[in-house]
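Under our numbering, the residues of the sequence shown are numbered 506 to 1004, in order.
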Amino acid sequence: MNSFWWTSKGSSSTGIRWMSWNRLSVPKKFGGMGFKQLHSFNVAMLGKQGWRLLTQPDALVSRVFKASILKAQPLIRQGVRRRVGNGRNTLVWGSPWLLDSDNPTIMTDQQFMPNFPVNFLKDPVTGGWNESLLHSYFNARDVMEILRVPSCPSREDLWFWSRSPHGHYSVKDGYRLLQGEVVAESTGFSAWNKLWRIPVETKVKVVIWRALRGISPTISSLNSKGMELDNLCPICGEEGETTDHIFVFCSYALAIWEGVGAQVSRVAGGSFIHFFEGLFGSRSMGELKVIAYAVWALWKTRNATVWDGRVSLPAVTIRLIKSLAERWPDSRLGHQLTPPSCSILGQQSSGQVQHCFVDAALFPQVGEVGFGAVLLDPGGRFVEAFNGTILCSQDPLLAEAIAVREALAWLKREACLEVQLFSDSWMVVNAINHVTVSRSYFGSIIEECRLFLSSFRSICISHVCRDLNGVAHVLARRAVAQLGVWEYVPPDFIVSHFN
């Protein structure tokens, strides 16, 4: 595979392998090309079949292929967890139903106790955990981990994949788990994700990537691989041809950069990497598109000089760069899922309904999640507020979903049945408003939120930017120190938000 990538198309020679396959397989955001390690990728795809066996055991394909995918069993065991709903189909001992990522099983010795279902640990009236029973049977660690499991008594028990928010296994997740954590090489350049998002052709980005990784086939690089070439820049003939020279300090390159509005400062230790990193911090995507084409045009001019003996005038190359940037539209980036733009909500919008703002906060020191909500009248005046805490996994997305669920339950208790609710978690708002199948605890909380919606005469779940959700944020942060329900008059710690 490595030879195929580096060998020129149609060439019978082996070519120079500028980088090993292991380094090419590093994700793009860490400076690699994002290629796959084939063995890990194949096992990850087998894991997809193992996941189907687990979640669809009665399907014909499950019965046929059960014996053929044993290779993926260790992979599935690493990431699969049991989502506890009513607790009737999950055994206390042996099942991976806790949220501890290192050890999701009960550690307390079973001794002579029967392995009963998890629902025996719940209060039959409230559906929550029976804390006195937990303290009688389990050690302190297990009690804390059990209490962190969200209570969803209206849901069924099922398997979910713990490495994704939606709880479904994917080959991508399995591959990442097999490869482990990737550590970025120290190259001096850090904005790899932004580089790969520049709206230009892939061939242009590959030229830039090779230059940043120091593997452009300049004369200096070729000589370092054992070739013996006269090291002189083919364009200016003044210095040796290095990556820094051809792309930055060559007189031809200086003219190009001046023509596209990029200032080059030849400071001590200056290099193409430092020059390019500096551009990334101050340029828009439209400007970076021009910069990218400038790098590609410099390399194209260099090759034309080496192979055809001709050098275009700088003015001609500058016109080519600008023409390419104009002709290659930003829409080539493809469809990207982005949150809606921020607007001023909760003041004079949506007619005469009341507005409820909700937010969550994490308190990892005590293993709790705080939530807060404030209810405003159509004119933006304070009506009521409340906050609270709950033992829960320190997952920001799950915490935001729980906060919305608690706010809906509070609004229902207060008989506020015509309301517009705002959260600054776009993913939570999107999940509630679009019916999708999710196997994770996040999905079960979202399903409970949807059940609450039927209790309202009129309700709308909308997104609000964080800057406009300050009151709910303060209430959530305050929950660990001061719990309460405030009617008509706001508490002192949020009064300033209404002045």
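C-beta atoms are modelled at their ideal positions from N, C-alpha and C, and glycine is treated no differently.
- Approximately 5 angstroms separates the beta-carbon atoms of V589 and V623; this is inside 8 angstroms, confirming the contact.
- Distances from the CA of V940 to each of D929, E952, G875, F947 were compared; the closest alpha carbon is that of E952.
- Within its own chain, the residues whose Cβ lies closer than 6 angstroms to the Cβ of L922, once the five positions on either side in sequence are excluded, are F961, R962, listed in chain order.
- Around the beta carbon of G555, a 10 Å sphere encloses 16 or more other beta carbons of the protein chains shown; the residue is thus reported as buried.
- By a beta-carbon distance limit of 8 angstroms, V985 does not contact F998. Their separation comes to about 13 angstroms.
- Around the Cβ of R653, a 10 Å sphere holds 16 or more other Cβ atoms; the residue is buried.
- In this structure the region 822-834 does not touch the region 881-900; the number of beta carbon pairs closer than 8 angstroms is below three.
- In this structure, M618 is the residue among M618, S656, D628 with its C-alpha nearest to the C-alpha of Y642.
- Spatial neighbours of W701 in its own chain (CB-CB distance under 7 angstroms, excluding positions within 5 residues in sequence) are listed in chain order as K533, K710.
- According to the DSSP assignment, A977 belongs to the alpha helix (DSSP H) that extends over 975-983.
- The alpha-carbon separation between G632 and Y946 amounts to approximately 16 angstroms.
- Put simply, the region 927-940 touches the region 857-864. At least three CB pairs are less than 8 angstroms apart.
- Looking at the backbone, the Cα of N594 and that of Q561 are separated by about 16 angstroms.
- Between R807 and I796, the gap from beta carbon to beta carbon reaches 8 angstroms or more.
- Per DSSP, the unbroken alpha helix (DSSP H) holding L956 starts and ends at 946-958.
- Judged by their CB atoms, T692 and R718 are nearer to each other than the 8 angstroms cut-off.
- Sequence-distant Cβ neighbours of H673 in its own chain, meaning closer than 7 angstroms and more than five residues away, are W666, R944.
- DSSP links E923 through a beta bridge to S963.
- A Cβ-Cβ distance of about 10 angstroms is found for the pair P658 and S949, leaving them out of contact under the 8 angstroms criterion.
- It is roughly 9 angstroms from the alpha-carbon of G745 to the alpha-carbon of I751.
- Taking 8 angstroms as the cut-off, the beta carbon of L603 is found no closer than this to the beta carbon of N620.
- For V585, the enclosing beta strand (DSSP E) begins and ends at 585-588.
- Q925 sits close to S967, with the two beta carbons spaced by under 8 angstroms.
- Per DSSP, reduced to three states, the secondary structure at W556 is helical.
- Inclusion of V705 and W833 in the CB contact set at 8 angstroms is warranted, their separation being smaller than that value.
- Looking from the CA of S695, the closest CA among I761, I778, S675 belongs to I778.
- Taking C-beta separations shorter than 8 angstroms and ignoring five residues to either side along the sequence, the partners of N635 in its chain run L626, K627, D628, following chain order.
- Counting along the chain, no beta strand (DSSP E) covers I521, and no H or E run does either.
- Take the alpha-carbon of T610 and the one of R586: they are about 10 angstroms apart.
- Boundaries of the alpha helix (DSSP H) harbouring H779: 777-785, taken from the DSSP string.
- Within the same chain, and ignoring the five residues on either side of I703 in sequence, the residues whose Cβ sits closer than 7 angstroms to its Cβ are K710, M790, L793, K794, A797.
- For L727, there is no enclosing beta strand (DSSP E); the residue is part of the alpha helix (DSSP H) that begins and ends at 724-729.
- With a cutoff of 8 angstroms on beta-carbon distance, R918 and C954 are scored as not near each other.
- DSSP lists no beta-bridge partner residue for F535.
- Separation of G520 and A820 (C-alpha to C-alpha, rounded to the nearest whole angstrom) is 35 angstroms.
- If you draw a straight line from the Cα of N547 to the Cα of Q616, it is about 41 angstroms long.
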